[in-house]
Amino acid sequence: MPKLPKVQKRNMSKLEKVMCEVLIYLCLLLKENTDKGKPGPKRQLPLFAEFVMVMVRLRLGLLQRQIADIFGISQSSVSKIFTTWITMLYHVFKQVLVTWPSKQLVKMHLPKCFSKYPRTRVIIDCTELKVEKPSAPSSQKVTWSDYKSHNTFKLLVGITPSGAFSFISDLYSGAISDRAITIRSGLLEKLEPMDDVMADRGFNLRDLVTKKNATLNIPPFAKGKQLSTKACTKTRRIASLRIHVERAIQRMKKFKLLHGVMPISIAAIANQTVFVCAALCNLLKPLVKK
-6 MPKLPKVQKR
4 NMSKLEKVMC
14 EVLIYLCLLL
24 KENTDKGKPG
34 PKRQLPLFAE
44 FVMVMVRLRL
54 GLLQRQIADI
64 FGISQSSVSK
74 IFTTWITMLY
84 HVFKQVLVTW
94 PSKQLVKMHL
104 PKCFSKYPRT
114 RVIIDCTELK
124 VEKPSAPSSQ
134 KVTWSDYKSH
144 NTFKLLVGIT
154 PSGAFSFISD
164 LYSGAISDRA
174 ITIRSGLLEK
184 LEPMDDVMAD
194 RGFNLRDLVT
204 KKNATLNIPP
214 FAKGKQLSTK
224 ACTKTRRIAS
234 LRIHVERAIQ
244 RMKKFKLLHG
254 VMPISIAAIA
264 NQTVFVCAAL
274 CNLLKPLVKK
């Protein structure tokens, strides 16, 4: 049975350290039990070293060959270990770290800055991740993003008013629209009557959200005229709150495997990799003070 690791990080609270230690312990224990009786060659690294290797690759975005040199194993072993751990962490984290909270829970932790929008259930935005140019011309076309001038994957994220990730969509081609990705992602099915959704004005979703008896809060459109004082005030209020989803995305992209150009070699587990990075962000201090 693995030992409970000690996390040493100065800017962490005591509770955060304990949460991280327990989480790492549970992951190691689950991995150890999964591997029992498994046929094949003996593992090249201890379980905790495998876990550290995965975290190093996520955080620093190192190439496979660099990781192989650091840990003294082959590149194929790095690929197998990374794939196995990311898949396992994804299944663990989607049960405990990135979940759709109840209305009562959201209201209980609602920050004071949302007093004008107390029914806010989720703040949404899309982001793009650069990916290596695919070899197939058809894949090159569908992943090309005019906005980034690069081949990209695109995903929809949702956060609670306190700044925790509550929704992470699968990855789609960079050319998909915000409306299309919202429909395909399944986010709308999670909405309940009287929910408020906050978004940028680029999300043309009012008809879809209204069908769920919910409300879409976006900045008003000028429509060729100067905005009224009331509209300007609403725009400022929404912008000051919506910015938290951008901060959450920036926090997620501090994992440099997502911030740079994603290797095409991990495309098969790209969904799980992004989800794991977002889930790890939920272990940090809340973005928005209560």
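Position 284, counted from 1, in the sequence shown is what my numbering calls 277; the numbers after and before it change by one each time, with no gaps. We put the CB at the ideal spot given by N, CA and C, even for glycine.
Task: Option in Leu180, Gly65, Phe75, Asp163 with minimal Cα separation from Leu201 - done: Leu180
Open item on the list: Going by DSSP, what residue range makes up the alpha helix (DSSP H) through Leu82?
Closed with: 68 to 89
Task: Cβ-Cβ distance between Leu51 and Leu273 below 9 Å - done: Cβ distance < 9 Å, so Leu51 and Leu273 count as in contact.
Open item on the list: Taking the straight line between their C-alpha atoms, what separation do you get for Val71 and Thr175?
Closed with: 35 Å
Open item on the list: Quick test of the definition: if touching needs 3 or more C-beta pairs under 8 Å, does the segment 135 to 149 touch the segment 96 to 108?
Closed with: Contact fails: fewer than three Cβ-Cβ distances are below 8 Å.
Open item on the list: With three or more C-beta pairs closer than 8 Å as the rule, is the segment 259 to 273 touching the segment 73 to 86?
Closed with: yes
TODO: Confirm, please, whether the CB-CB distance from Met187 to Thr203 is below 9 Å.
DONE: no
Open item on the list: Bridge partners for Trp137 per DSSP, in chain order?
Closed with: Asn144
- [ ] Identify, in the order they occur along the chain, each residue of the same chain with its Cβ nearer than 6 Å to the Cβ of Met245, setting aside the five sequence neighbours on each side.
- [x] If you ignore the 5 residues before and after Met245, its C-beta comes within less than 6 Å of the C-beta of Cys270, Ala271, Cys274, all in its own chain and listed in chain order.
Open item on the list: Assuming Met187 is part of the beta strand (DSSP E), what are its boundary residues?
Closed with: First-last for Met187: undefined, no H or E at that position.
Open item on the list: I'd like to confirm something about Ala207: is its beta-carbon nearer than 8 Å to some heavy atom of the ligand SAM, or not?
Closed with: The ligand SAM is absent from the structure shown, which contains no ligand whatsoever.
Open item on the list: With H, G and I counted as helix, E and B as strand and the rest as coil, what does DSSP make of Ser178?
Closed with: Looking at Ser178 - three-state DSSP - the assignment turns out to be helix.
Task: Cα-Cα separation between Ala157 and Phe64, rounded to whole angstroms - done: 33 Å
Task: Given Phe107 as reference, the closest of Gln68, Arg235, Thr222 once Cα atoms are compared - done: Arg235
Task: CA-to-CA distance, Gln37 to His237, given in whole angstroms - done: The alpha-carbon atoms of His237 and Gln37 are separated by roughly 42 Å.
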